[in-house]
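Below: the structure, in structure tokens.
2 protein chains.
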Amino acid sequence: MVKSSSAARRRGVRADVPVTKEAIVEAAFRLIDERGLEGFSMRSLAAELGVFPATLYWHVGDRGALLGLVEYEWIKQVRMPDPDTDWRTWALEVARGYRAHAFRHPNIARLATLERPQNTGSLRLPDALIGKLVELGFDDDLVDAFNALMGAIRGFVIVELAPRPESIGPDEIEAEIRGLDATEYPNIAANVDRLADRALSLRWSNPTDRPLDDSFDFLVNVLLDGLEARRRA
Amino acid sequence: MVKSSSAARRRGVRADVPVTKEAIVEAAFRLIDERGLEGFSMRSLAAELGVFPATLYWHVGDRGALLGLVEYEWIKQVRMPDPDTDWRTWALEVARGYRAHAFRHPNIARLATLERPQNTGSLRLPDALIGKLVELGFDDDLVDAFNALMGAIRGFVIVELAPRPESIGPDEIEAEIRGLDATEYPNIAANVDRLADRALSLRWSNPTDRPLDDSFDFLVNVLLDGLEARRRA
DNA sequence: ACCTGAACACCGTTCAAGT
DNA sequence: ACCTGAACACCGTTCAAGT
Numbered sequence: 000m001v002k003s004s005s006a007a008r009r010r011g012v013r014a015d016v017p018v019t020k021e022a023i024v025e026a027a028f029r030l031i032d033e034r035g036l037e038g039f040s041m042r043s044l045a046a047e048l049g050v051f052p053a054t055l056y057w058h059v060g061d062r063g064a065l066l067g068l069v070e071y072e073w074i075k076q077v078r079m080p081d082p083d084t085d086w087r088t089w090a091l092e093v094a095r096g097y098r099a100h101a102f103r104h105p106n107i108a109r110l111a112t113l114e115r116p117q118n119t120g121s122l123r124l125p126d127a128l129i130g131k132l133v134e135l136g137f138d139d140d141l142v143d144a145f146n147a148l149m150g151a152i153r154g155f156v157i158v159e160l161a162p163r164p165e166s167i168g169p170d171e172i173e174a175e176i177r178g179l180d181a182t183e184y185p186n187i188a189a190n191v192d193r194l195a196d197r198a199l200s201l202r203w204s205n206p207t208d209r210p211l212d213d214s215f216d217f218l219v220n221v222l223l224d225g226l227e228a229r230r231r232a
Numbered sequence: 000m001v002k003s004s005s006a007a008r009r010r011g012v013r014a015d016v017p018v019t020k021e022a023i024v025e026a027a028f029r030l031i032d033e034r035g036l037e038g039f040s041m042r043s044l045a046a047e048l049g050v051f052p053a054t055l056y057w058h059v060g061d062r063g064a065l066l067g068l069v070e071y072e073w074i075k076q077v078r079m080p081d082p083d084t085d086w087r088t089w090a091l092e093v094a095r096g097y098r099a100h101a102f103r104h105p106n107i108a109r110l111a112t113l114e115r116p117q118n119t120g121s122l123r124l125p126d127a128l129i130g131k132l133v134e135l136g137f138d139d140d141l142v143d144a145f146n147a148l149m150g151a152i153r154g155f156v157i158v159e160l161a162p163r164p165e166s167i168g169p170d171e172i173e174a175e176i177r178g179l180d181a182t183e184y185p186n187i188a189a190n191v192d193r194l195a196d197r198a199l200s201l202r203w204s205n206p207t208d209r210p211l212d213d214s215f216d217f218l219v220n221v222l223l224d225g226l227e228a229r230r231r232a
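So the protein sequences, as listed, match chains A and B. The first sequence begins at 0 in numbering that gives the first Met the number 0 and counts up one residue at a time. The second sequence begins at 0 in numbering that gives the first Met the number 0 and counts up one residue at a time.
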């Protein structure tokens, strides 16, 4: 609130650095990326840009619209593999590429999966995948094949990226998991060494610190096997 | 703010209906279920119970802790199938049961998948599933099989339940999807009748109004086939 | 066209004070 | 032990008014 701060301009005077829609989206992207969606607010973003909150509303609309734009920015950055490679490696690369990009910006990826995209510009990946599935011979069950693949891949990634609860420390979670009652949870207890901090629901580290690469590849390969088998039949 | 309201009690006077931890969790569950997480606040919950906000903090801790309890309540309600049925039908029933319960309380299910559970009491399903996978013969790749199944099922459901953006109406989305540029999205355009309002990313209805039952069954069956095949090999 | 400044109606959380 | 009442530090959003 100091008069000399860049946020204190006179009425109607324009910002030294022009506040464009693009600049706002970029700054919002960076803020959410660094601090998470909880650490993001319209007011903090405005302060960051040296501008009053109302200015944001003029440029991008309300909070929901802005989050939609951030989401869109993220989806556009997902890399598509060479379309001329064979189906199997293409599909595996798409899946891995999607997940890799989610790990680059976990907070934004979570946001983007949770609400449906508000714009149809993010349909490059779906379109390409549908094309490949049609080539493979799917027709009546095209929707199911597409949904299974898309839902499993996007879903796995978002479940994998679910953050730890803030209220409890990792050590406490570890202690709880390692000390689980063997009569109540016999199978977990019997395989604790294999599962600890690796199996979903039994992790205590940050998801980005302990990526489940092998499990993801396992899932995708099982799905691709299954889809091919169903076409041969 | 009327004096005669049940919310206006004198200092230190107890509520006519005692405010227990259980009552708070139950009321929170109902509020989120009906109005969604966005329509829920500590203050509105307190008002609903005829009590001051600070009372909630005394009984259940902060907002995060309360959401954890609501989550836990939901997970406990997931029905487990008869453990003595054969592996294949057991697994299918678990998956369907999980999803069915998510559809009963979509707002809570979304909440429960987004953050990791804060309590280890919700491990009945994981434990049972691990037991079945061990029976099937998984050992070194037990984690991967478990994660693939769990991640795909929970993930599919949460992606399926992603709500429409509030800012845009269903009609507008439908129009946009049906009018997609055929040169930019040739494969979607060519199969629009099969995909419209059924394929992920191409829906405009509410998720609960257009459940993707077939796609979910397709996914689960492909996964179960794949797991069994990997064990025979 | 673009931005300010203030206002409105909310939040979550804490804490001394009451019974 | 349980709850009030008020306070603190925030929110998102709107809108008349300025340049």
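Beta carbons: idealized from backbone N, C-alpha and C, even for Gly.
Short CB-CB distance (under 7 Å) between residue i and chain A
{"i": "residue 81 of chain B", "result": "no"}
{"i": "residue 19 of chain B", "result": "no"}
{"i": "residue 71 of chain B", "result": "no"}
{"i": "residue 119 of chain B", "result": "yes"}
{"i": "residue 63 of chain B", "result": "yes"}
{"i": "residue 50 of chain B", "result": "no"}
Cβ of residue i within 7 Å of any chain B Cβ
{"i": "residue 224 of chain A", "result": "yes"}
{"i": "residue 153 of chain A", "result": "yes"}
{"i": "residue 134 of chain A", "result": "no"}
{"i": "residue 175 of chain A", "result": "yes"}
{"i": "residue 184 of chain A", "result": "yes"}
{"i": "residue 158 of chain A", "result": "yes"}
Where residue i meets chain B, residues with beta-carbon distance less than 8 Å
{"i": "residue 114 of chain A", "result": "161, 162 and 164"}
{"i": "residue 179 of chain A", "result": "119 and 122"}
{"i": "residue 190 of chain A", "result": "129, 133 and 141"}
Partners in chain B for residue i, counting only beta-carbon separations shorter than 7 Å
{"i": "residue 142 of chain A", "result": "193, 194, 197, 198 and 214"}
{"i": "residue 147 of chain A", "result": "214, 217, 218 and 221"}
{"i": "residue 59 of chain A", "result": "By Cβ distance, chain B contributes nothing, its closest Cβ being about 12 Å from residue 59 of chain A, past 7 Å."}
Under 8 Å by beta carbon: chain A residues contacting residue i
{"i": "residue 187 of chain B", "result": "122, 125, 126 and 129"}
{"i": "residue 110 of chain B", "result": "In chain order: nothing, as chain A lies at least about 11 Å away."}
{"i": "residue 67 of chain B", "result": "164 and 166"}
Residues near residue i by beta carbon distance below 7 Å, same chain, minus five either side
{"i": "residue 13 of chain B", "result": "Residue confidence for residue 13 of chain B is low, a pLDDT of 49 falling below 50, so the modelled location carries little weight; the figure read from the coordinates is stated next. For residue 13 of chain B, where only same-chain residues beyond five positions count, there are no Cβ hits under 7 Å."}
{"i": "residue 207 of chain A", "result": "102 and 105"}
{"i": "residue 199 of chain A", "result": "158"}
{"i": "residue 195 of chain A", "result": "176, 177 and 201"}
{"i": "residue 160 of chain B", "result": "101, 105, 108, 109 and 206"}
{"i": "residue 54 of chain B", "result": "18 and 45"}
{"i": "residue 145 of chain A", "result": "128, 129 and 132"}
{"i": "residue 74 of chain B", "result": "111, 116 and 121"}
{"i": "residue 191 of chain B", "result": "177"}
{"i": "residue 36 of chain A", "result": "106 and 110"}
Other residues of its chain near residue i: CB distance less than 6 Å, five sequence neighbours each side excluded
{"i": "residue 62 of chain B", "result": "41"}
{"i": "residue 89 of chain A", "result": "80"}
{"i": "residue 298 of chain A", "result": "Missing from the structure shown is residue 298 of chain A; chain A here goes from 0 to 232 and no further."}
Proximal residues to residue i (C-beta, below 8 Å), its chain only, five neighbours per side dropped
{"i": "residue 97 of chain B", "result": "77, 124, 152, 153 and 156"}
{"i": "residue 188 of chain B", "result": "179, 180 and 181"}
{"i": "residue 86 of chain A", "result": "131, 134 and 135"}
{"i": "residue 19 of chain B", "result": "58"}
{"i": "residue 221 of chain B", "result": "none"}
{"i": "residue 24 of chain A", "result": "59, 65, 68, 69 and 72"}
{"i": "residue 209 of chain A", "result": "196, 197 and 202"}
Closer than 9 Å at the beta carbon, the chain A residues around residue i
{"i": "residue 211 of chain B", "result": "142, 143, 146 and 150"}
Quiz prompt | the segment 140-150 of chain A in contact with the segment 207-224 of chain B per 3-pair CB rule at 8 Å | solution = yes
Quiz prompt | the segment 46-65 of chain B / the segment 81-98 of chain B touching (three or more Cβ pairs under 8 Å) | solution = no
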